[in-house]
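Beneath this line is the structure, given in structure tokens, with notes to follow.
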Amino acid sequence: MGLLNRVKDLFQANVTDILNKSEDPEKMLNFYVEKASEDVRNFQIQVNRAIADKIQLEERISNLKKEITERSEQATIAVQQGKDELARTALTLKKQAETSLADFELQLADQAKAVEELQENLRTLTEKLEKAKQERNNLVMRQRRAKTMKDANDAVSGIATQDPMANIDRMKERVERIEAEAKASTIILSTENSLEDQLADLKKDQEKSAIEDELLKLKSEVNKD
1 MGLLNRVKDL FQANVTDILN KSEDPEKMLN FYVEKASEDV RNFQIQVNRA
51 IADKIQLEER ISNLKKEITE RSEQATIAVQ QGKDELARTA LTLKKQAETS
101 LADFELQLAD QAKAVEELQE NLRTLTEKLE KAKQERNNLV MRQRRAKTMK
151 DANDAVSGIA TQDPMANIDR MKERVERIEA EAKASTIILS TENSLEDQLA
201 DLKKDQEKSA IEDELLKLKS EVNKD
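Per the UniProt record's numbering, the sequence shown runs over residues 1 to 225.
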């Protein structure tokens with residue numbers, strides 16, 4: 001049947017062919033599995049309907065057996081009461097029920113066989129779908145692992161073609177030059193501050209000397225008085 005072949009094709013899919021396609025392998029594998037899962041779900045619905053039909057046939061057969069028993073009892077009572085016409089009618093209905101019963105029993109036998117085959121096919125489909133899911137998971141892990149290895153190899157290749165130490169050494173020289181410039185600026189600033197301090201001290205000394213001179217002059221004037 002087509003559904004069985006579709007799941008079988010999925011399970012036996014060529015790995016290399018899938019991975020070489022331009023589509024994302026993981027997305028395509030998920031799509032295949034989801035499509036197969038949908039087919040299995042639809043098939044399950046068909047199986048359920050077949051089982052429901054079988055149950056209906058069993059119920060009809062049960063009802064017909066009850067009717068045959070009732071018609072037989074009705075015919076017996078009618079004969080006991082001398083009502084031959086009524087007994088004849090009951091026997092006619094009994095015969096019709098027996099004919100229907102035979103037909104339904106044949107249908108039930110065919111339906112039971114069909115249900116059994118459908119259920120077996122469903123079990124086969126379910127098993128194949130589970131195997132397909134496992135294969136999908138394995139392929140996805142392999143694809144992810146291969147991509148990781150490829151990215152890692154590309155990174156290593158990039159590092160190999162462009163020595164990172166050369167760039168680091170160049171940046172080291174720049175940092176060392178900036179440090180030297182900063183140290184030079186500190187020395188210049190310290191020198192400038194020292195000169196300013198000396199000039200300030202000199203000015204203070206001059207002011208003190210002027211005060212002392214003025215004090216001596218004032219004392220001389222006081223002593224004269």
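Yeah, the Cβ is synthetic: ideal placement off N, Cα and C, and Gly gets one too.
These numbers were taken from a predicted model, which means no experiment stands behind them.
Query	Result
Look at the Cβ atom of Lys65, then the Cβ atom of Gln111, and state whether they are nearer than 7 Å.	no
Use the C-beta contact count for Leu125: other C-beta atoms within 10 angstroms, 16 or more gives buried, fewer gives exposed.	buried
Please report the straight-line C-alpha distance between Lys183 and Lys208, rounded to a whole angstrom.	37 Å
Assuming Val47 contacts Leu118 under a Cβ cut-off of 8 Å, what Cβ separation, rounded to an integer in Å, is found between them?	5 Å
Assuming the contact rule is C-beta atoms closer than 8 Å, Leu94 and Ala114 should be a hit. Round their C-beta distance to whole Å, please.	Note on identity: in this sequence residue 94 is Lys, with Leu being the wrong assignment. Going by Cβ atoms, the distance from Lys94 to Ala114 rounds to 30 Å, so no, they are not a contact pair.
According to DSSP, simplified to helix, strand and coil, what is Gln81?	coil
Enumerate in chain order the residues of its own chain whose CB-to-CB distance from Val140 is below 7 Å, with the five nearest sequence positions on each side excluded.	Glu26, Leu29
Evaluate contact between the segment 132–147 and the segment 28–44, counting only Cβ atoms and requiring at least three cross-stretch pairs below 8 Å.	yes
How is Asp24 classed by DSSP in three states: helix, strand or coil?	coil
Measure the C-alpha to C-alpha separation of Ala132 and Asn138 and round it to an integer number of angstroms.	10 Å
How many Å lie between Gln107 and Gln56 at the Cα?	11 Å
Given this structure, state the Cα-to-Cα distance separating Lys147 from Ser157, to the nearest angstrom.	15 Å
Rounded to whole angstroms, how far is the Cβ of Glu116 from the Cβ of Ile61, which I believe are closer than 8 Å?	Rounded, the Cβ-Cβ distance is 18 Å, inconsistent with contact.
Within a Cβ cutoff of 7 Å, which residues of the same chain sit near Val15, ignoring the five residues on either side of it in sequence?	Because the pLDDT at Val15 is just 48, under 50, the model does not fix this residue reliably, and the point stays unresolved.
Could I get the ranges of all uninterrupted beta strand (DSSP E) runs contained in the segment 104–187, with 3 residues as the minimum, in chain order?	none
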